[in-house]
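Asker:
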Amino acid sequence: MTQGQVSQALRVVQSTVSAWERGTRGLPSDRAAELDELFGASGAIKQAWNTANAPDALPPWYTEVGQLEREAVELREYQPVIFPGLVQCEAYTRGLLADTVPWFSAKKVGQMASLRMERQEILKGASPPLVSVVVEEAVLRRTVQGGKPVLREQIGRVLTLIDKGVIRFQVIPSDTECHPGGSGPFRLYTFPDKPTVASAEHMEGEQLMDDMMRVQHCATLFGVLQSEAMSPRASRELIRKVKEELDDKA
621 MTQGQVSQAL RVVQSTVSAW ERGTRGLPSD RAAELDELFG ASGAIKQAWN
671 TANAPDALPP WYTEVGQLER EAVELREYQP VIFPGLVQCE AYTRGLLADT
721 VPWFSAKKVG QMASLRMERQ EILKGASPPL VSVVVEEAVL RRTVQGGKPV
771 LREQIGRVLT LIDKGVIRFQ VIPSDTECHP GGSGPFRLYT FPDKPTVASA
821 EHMEGEQLMD DMMRVQHCAT LFGVLQSEAM SPRASRELIR KVKEELDDKA
């Protein structure tokens, strides 16, 4: 059965079926059941889905993001609450997961933290992607489990990446008036050989968007947020001052 036939039977676009096959988009439970029936798999597809989504299995979106990051030539991200995954130190990642998903087992937290560190390998390659980040100033001062020592390590990590020229990092000052970033965190992935993809975070993970209008909206929004933020140089100076404050209290 061809991708076209499957997409017609399930009433989805062919690119969605292709993404399921490549593993770059998570397969919803109801779609797994439909595919099982369509292919006459006698429960094999549904069982495979259940295994992949067992309590200790990594969320599908978590691995999808890593795949997109490896393929992208440019990454843009806005985060109003936390440091983006690509710039997190391991202690910060573990503390963040302990705070935000306390029901996760220690095994799953370890898996997710390790995978996040692996994702950062793209920043060390010969041709790393261009990474642009915009965060709210509150991110620089918000602690996770582990407290100020972990935050100090995390801010040091960001300064190192900035000084190496690996990332372009901008901060929106806390006294800035209300701006369009209130809609929440999002990312943009630009590729050399296919259209840009956007993703938006939500309570249970991350939603990928390839609709041209929605992607363009995210790109426009990111530009607006960059204009609201301090320059990269001024942002670095602010981050340095926060680091000094934390060092003084150590």
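Letter by letter, the sequence shown follows residues 621 to 870 of my numbering. Beta carbons: idealized from backbone N, C-alpha and C, even for Gly. Bear in mind that the values here come from a model prediction, so they are computed numbers and not experimental data.
Quick check on MET737 - is its C-beta less than 7 Å from some C-beta in chain D?
Answerer: Structure shown: chain D not included; a single protein chain is present.
Asker: Look up ALA849 in the DSSP assignment and say whether it is helix, strand or coil.
Answerer: Coil.
Asker: Is it the case that the Cβ atoms of LEU779 and VAL862 are separated by a distance below 7 Å?
Answerer: No, Cβ-Cβ distance for LEU779 and VAL862 is not below 7 Å.
Asker: When the Cα atoms are used, what is the spatial distance from GLY776 to SER734?
Answerer: Rounded to whole angstroms, GLY776 to SER734 spans 20 Å at the Cα level.
Asker: Does the separation of the CB atoms of GLU697 and LEU750 fall below 7 Å?
Answerer: No. Outside cutoff.
Asker: What would DSSP say about THR810, mapped onto helix, strand or coil?
Answerer: Looking at THR810 - three-state DSSP - the assignment turns out to be strand.
Asker: May I ask which residues mark the beginning and end of the beta strand (DSSP E) holding GLN790?
Answerer: Taken as a continuous stretch (DSSP letters only), the beta strand (DSSP E) holding GLN790 covers 787-792.
Asker: With ALA820 as the anchor, note down where its beta strand (DSSP E) starts and where it stops.
Answerer: First-last of the beta strand (DSSP E) with ALA820: 817-822.
Asker: Just grab the DSSP bridge partners of GLU696 for me.
Answerer: In the sequence under discussion, the amino acid at residue 696 is Arg, which differs from the Glu named in the question. DSSP lists SER752 and LEU808 as partners of ARG696.
Asker: Suppose you measure from the CA of PRO852 to the CA of SER752; what does that come to, to the nearest Å?
Answerer: Whole-angstrom Cα-Cα distance: 10 Å.
Asker: Using a 10 Å radius around the Cβ and a threshold of 16 neighbouring Cβ atoms, would you call VAL685 buried or exposed?
Answerer: Answer is buried; the Cβ neighbour count reaches 16.
Asker: If LEU706 sits next to LEU743, beta carbons under 8 Å apart, how far is it from one beta carbon to the other, in whole angstroms?
Answerer: 7 Å between Cβ atoms; contact.
Asker: Please state whether DSSP places LEU647 in a helix, a strand or coil.
Answerer: Residue state, collapsed to three classes: coil.
Asker: Which term fits GLY801, buried or exposed, when burial requires 16 or more other beta carbons within 10 angstroms of its beta carbon?
Answerer: Classification of GLY801: buried, given that the 10 Å Cβ count is 16 or more.
Asker: Rounding to the nearest angstrom, what Cα-Cα distance links GLN836 and ARG772 in this structure?
Answerer: In a straight line, the C-alpha of GLN836 is about 36 Å away from that of ARG772.
Asker: If LEU841 and VAL791 are in contact, beta carbons under 8 Å, what's the gap, nearest whole angstrom?
Answerer: Not a contact, Cβ separation roughly 17 Å.
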